[in-house]
DNA sequence: TTTTTTATCTAAAACGTTTACGCTGTTAAA
DNA sequence: TTTAACAGCGTAAACGTTTTAGATAAAAAA
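Protein chains in written order, with UniProt numbering: chain A, 1 to 343; chain B, 1 to 343.
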């Protein structure tokens with residue numbers, strides 16, 4: 001069923017029917033009702049392709065999700081982020097178009113997407129420090145919102161939704177310091193990524209406040225997998241002066257850390273303390289009412305919702321001023337932290 | 001830059017330029033070269049919307065990924081599945097359109113997608129037993145491939161890519177039986193899903209071969225989260241006749257099982273054996289060269305590739321006969337299984 | 001030489017919407 | 001009574017492609 005057929009069926013012009021359906025005022029309420037009813041009855045939905053061509057907008061947003069080259073890892077937080085964003089899109093009747101591409105082809109992909117005209121805007125995932133994609137998107141004049149920030153001084157010049165990574169890790173580190181820990185290992189994500197760099201900065205700042213110099217031997221930075229958590233924990237514990245506490249950048253390496261500790265019969269929260277960052281993933285909940293891991297928690301799903309929200313606004317009215325949403329992480333106390341063991 | 005401008009610039013008609021770019025034979029090699037070059041120079045890409053409208057095909061495929069209602073969990077294997085499928089799509093220059101929708105709105109979503117005409121085909125995720133979506137898609141004549149099967153007798157009538165769930169779990173259970181285990185717990189996924197039902201069937205069949213009746217008290221079936229693995233393991237171990245071995249349907253509940261066992265100071269592979277099903281997720285690798293968990297392994301990413309492959313064929317030529325790909329899982333031996341403890 | 005075929009290109013229709021503009025009749029203002 | 005405003009609807013153009021049906025000229029066949 002298309003517009004022409006529907007309008008013939010109703011004895012009206014295509015114009016009137018279209019206007020009735022799209023809520024334009026130049027049509028009487030009586031006819032609008034008739035049209036709406038007929039549309040429902042013959043379940044007519046405007047053809048997206050034709051509508052897009054006519055309006056110049058595709059009613060879709062793009063997500064380019066980077067595939068890390070070395071290990072072919074695609075970040076698992078995306079499922080929850082997309083679930084959050086999707087809530088907003090489906091409310092606004094927008095489509096979500098995603099491409100998973102190796103990081104070295106990202107710029108190319110954005111360019112292509114733009115010239116094909118298949119989306120009205122994009123979400124930038126996993127910004128690196130001084131990420132070139134931002135400059136690119138601005139140049140081709142494509143509305144975008146960044147999940148995270150890109151460091152640099154131009155953070156005011158584009159819209160983003162970020163978590164206060166520095167503050168979260170500063171608080172977590174401080175919490176451990178207050179418990180008497182002095183050697184604290186950091187099992188971080190890749191530090192050319194802005195979020196990881198900021199977390200490290202927070203860690204460093206807390207140490208500095210206690211007059212402690214950051215020890216590079218206690219800091220690791222890799223793709224956040226379970227096996228990385230396992231290997232890094234082992235490596236740190238095998239060092240000359242093993243840490244009494246650990247910070248991991250996600251719950252996933254924490255599983256690896258737990259495995260390593262178990263093998264050594266070290267008890268979490270007693271022999272070694274552990275604080276994780278918890279993205280509140282639906283399939284990896286950190287406990288129920290009571291958290292298991294002591295954690296800095298910030299919902300990535302919520303971030304997804306907010307990014308989508310901001311982008312929708314930007315698309316609806318491109319003159320919308322840029323907006324920044326800085327989410328604060330909660331510090332929640334679980335069973336994996338305790339006073340530093342006396343040695 | 002659009003077709004009209006490009007053709008005027010070249011002094012040719014739009015027809016000729018279009019044909020040159022799309023590789024039609026009615027154009028001389030000389031002009032084709034010229035056209036190609038000019039297109040590159042002014043980086044012209046045909047507008048997707050216009051092309052779709054003209055050809056009637058959208059060059060996009062849809063993935064409707066179900067959001068479990070009760071717990072709002074979106075299955076984490078999707079990221080890897082999508083990564084696999086995406087490889088194929090980008091090779092064929094197809095777009096991937098995804099919607100995350102609560103299970104009760106799935107049928108509605110498919111219908112909408114079809115009438116909007118925004119995709120040329122869909123992948124069906126997470127089929128339940130006798131899933132109504134299959135009938136629906138057939139009725140509205142939308143090409144589709146199912147990841148998994150839907151039970152029932154009509155499995156021959158549509159294309160699917162599945163893992164041999166029954167066989168995998170039969171082998172795993174047999175392996176435990178051969179090691180002397182007689183009480184084996186099954187920590188399964190939701191059993192109205194076909195994959196989970198088939199896994200249970202395999203488990204049952206192996207037990208039957210040893211003359212053992214399945215004990216419902218040893219079988220759990222829920223959303224496969226870490227906390228579920230933890231709770232289920234605790235419940236089983238607290239039962240009157242605790243199991244000496246466990247099977248989990250994914251690596252994620254296995255993390256929970258490990259946590260529960262650690263708390264009881266039970267050693268994996270000695271006090272309690274554990275076999276998992278391993279989807280070979282990039283961010284949750286089951287060890288490196290040496291596997292950690294004994295597991296039945298089948299790559300969900302590979303399944304993604306194959307589904308996409310099949311769907312592309314079906315779209316290119318709708319008369320393509322249905323195809324079935326049944327992947328066999330490897331049984332890989334890790335450190336979490338050993339002989340049943342004497343009691 | 002005339003006819004047929006072939007190679008190369010073009011004009012215009014089609015895809016299904018939205019929307020700028022125009023028309024008619026009715027009501028309100030002058 | 002005349003003019004203006006307005007509500008309600010229709011006509012036709014536009015969006016940027018692909019594709020059908022021809023057109024022209026050159027080459028081959030008769």
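Backbone N, C-alpha and C define an ideal beta-carbon position, used for all residues, glycine too.
| message | Just to confirm before moving on: does the CB-CB distance between residue 87 of chain A and residue 297 of chain A stay below 9 Å? | response | no
| message | When you compare the CB of residue 70 of chain A with every CB in chain B, is at least one pair closer than 9 Å? | response | no
| message | Going by beta-carbon coordinates alone, are residue 248 of chain A and residue 275 of chain A separated by less than 9 Å? | response | yes
| task | Using alpha carbons as the reference points, say which of B:243, B:315, B:251, B:325 lies closest to residue 341 of chain B. | result | Ranking B:243, B:315, B:251, B:325 by CA distance to the CA of residue 341 of chain B puts B:243 first.
| request: Within its chain, find whatever has a CB closer than 7 Å to the CB of residue 25 of chain B; leave out the 5 residues flanking it on each side and keep chain order. | output: none
| query | Whose Cβ in chain A lies nearer than 8 Å to the Cβ of residue 299 of chain B? | reply | Result: empty, since nearest Cβ-Cβ is about 12 Å, beyond 8 Å.
| message | Closer than 8 Å between beta carbons: that is the criterion. Which residues of the stretch 246–264 of chain B meet it against chain A? | response | 252, 255, 258, 259, 262
| request: Count the other C-beta atoms from every protein chain shown that fall within 10 angstroms of the C-beta of residue 36 of chain B, then say buried if there are 16 or more, exposed otherwise. | output: exposed
| With 16 as the cutoff for other CB atoms within 10 Å, does residue 185 of chain A come out buried or exposed? | buried
| Does any CB atom of chain A fall closer than 9 Å to the CB of residue 234 of chain B? | Put simply, the CB of residue 234 of chain B is far from chain A, with every gap to its CB atoms at 9 Å or more.
| For residue 95 of chain B and residue 69 of chain B, believed in contact at Cβ under 8 Å, the rounded distance | Their Cβ separation, rounded to whole angstroms, is 28 Å, which puts residue 69 of chain B and residue 95 of chain B out of contact at 8 Å.
| task | Would you mind telling me which residues of chain A sit closer than 7 Å to residue 306 of chain B, beta carbon to beta carbon, in chain order? | result | Simply none; closest approach about 16 Å.
| query | Using the beta-carbon of each residue, which ones in chain A are nearer than 7 Å to residue 226 of chain B? | reply | 284, 285
| said: Distance check for residue 129 of chain B and residue 150 of chain B, CA to CA, integer angstroms please. | reply: Roughly 5 Å separates the two Cα atoms.
| query | For the 8 Å Cβ check, are there 3 or more pairs between the stretch 16–31 of chain B and the stretch 52–71 of chain B? | reply | The stretch 16–31 of chain B is not in contact with the stretch 52–71 of chain B.
| query | Enumerated in chain order, which unbroken segments of the alpha helix (DSSP H) with a length of 4 residues or greater are wholly contained in the stretch 183–218 of chain A? | reply | Within the stretch 183–218 of chain A, the complete alpha helix (DSSP H) runs of at least 4 residues are 194–209.
| query | What is the DSSP secondary structure of residue 36 of chain B, counted as helix, strand or coil? | reply | helix
| field | Proximal residues to residue 63 of chain B (C-beta, below 6 Å), its chain only, five neighbours per side dropped | value | 98, 123
| task | Using beta-carbon positions only, say whether residue 231 of chain A and residue 188 of chain A come within less than 9 Å of one another. | result | no
| task | Mind checking which residues open and close the beta strand (DSSP E) that includes residue 325 of chain B? | result | 324–327
| Given a threshold of 16 other Cβ atoms within 10 Å of its Cβ, counted over all protein chains shown, does residue 259 of chain A qualify as buried or as exposed? | buried
| Checking contacts by CB at 9 Å: is residue 374 of chain A closer than that to chain B? | This structure leaves residue 374 of chain A out entirely; chain A is present only between 1 and 343.
| request: Examine chain B for any beta-carbon lying closer than 9 Å to the beta-carbon of residue 36 of chain A, and answer yes or no. | output: no
| said: Give me the chain B residues within the contact set of residue 116 of chain A, using Cβ-Cβ distance strictly less than 8 Å, ordered along the chain. | reply: Under the 8 Å cutoff, chain B gives 45, 46, 47, 48.
| said: For a quick check, are the C-beta atoms of residue 144 of chain A and residue 301 of chain A less than 9 Å apart? | reply: no
| Would residue 126 of chain A pass as a contact of residue 148 of chain A if the rule is Cβ separation under 9 Å? | Yes, Cβ-Cβ distance for residue 126 of chain A and residue 148 of chain A is below 9 Å.
| query | Ordered along the chain, which non-local residues of its own chain (more than five positions away) have a Cβ less than 7 Å from that of residue 269 of chain B? | reply | 335, 336, 337, 338
| query | If the cut is a Cβ gap below 7 Å, which residues of chain A does residue 202 of chain B touch? | reply | Under the 7 Å cutoff, chain A gives no residues; its nearest Cβ is about 24 Å from residue 202 of chain B.
| query | Sorted by chain position, which residues of the same chain lie with C-beta nearer than 7 Å to residue 73 of chain B's C-beta, five sequence neighbours on each side aside? | reply | 223, 225
| DSSP three-state assignment for residue 278 of chain A, whether helix, strand or coil | In the structure shown, residue 278 of chain A sits in a strand (DSSP, three-state: E or B).
| Cutoff 9 Å: residue 83 of chain B Cβ touching any chain A Cβ | Nearest CB-CB separation between residue 83 of chain B and chain A: below the 9 Å threshold.
| query | Out of curiosity, what's the CA-to-CA distance linking residue 254 of chain B and residue 170 of chain B? | reply | In this structure, the straight-line span from the alpha carbon of residue 254 of chain B to that of residue 170 of chain B is close to 19 Å.
| field | Assigned secondary structure, residue 102 of chain A (DSSP; H/G/I helix, E/B strand, else coil) | value | strand
| So what's residue 249 of chain B in DSSP terms, helix, strand or just coil? | coil
| query | Which class does residue 90 of chain B belong to by DSSP, given the choice of helix, strand or coil? | reply | helix
| Comparing the C-beta of residue 338 of chain A with each C-beta of chain B, is any distance below 9 Å? | no
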